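Presented below is the structure to which this report refers.
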Amino acid sequence: MLANLHSSLFWSAVHSTLSGNGTAAENLEGLEADLTELKGDAW
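Counting in my numbering, the sequence shown tops out at residue 48, every number present.
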């Protein structure tokens, strides 16, 4: 289940970059923040 969410977050970051909505660096920074929040203390 979490793998689907991870994939969705990654896809969204890549799609945003390719669509011209932010730079790759900005979108990857956002992805990192989302994944960090998602994992919490679990990892």
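Glycine included, every Cβ here is placed at the ideal spot set by N, Cα and C.
As the structure is a computational prediction, the values presented were derived from the model and not from experiment.
Would you identify the three-state DSSP class for residue i, choosing helix, strand or coil?
i   : result
N32 : helix
A47 : coil
So, residue i versus residue j, is the Cβ gap smaller than 7 angstroms?
i   : j  : result
S21 : N9 : no
Could you check where the alpha helix (DSSP H) with residue i kicks off and where it finishes?
i   : result
S21 : 7-23
Buried or exposed: residue i, going by 16 or more other Cβ atoms within 10 Å of its Cβ?
i   : result
A18 : buried
Give the straight-line distance between the Cα atoms of residue i and residue j, rounded to the nearest whole angstrom.
i   : j   : result
A30 : F15 : 13 angstroms
A47 : T28 : 30 angstroms
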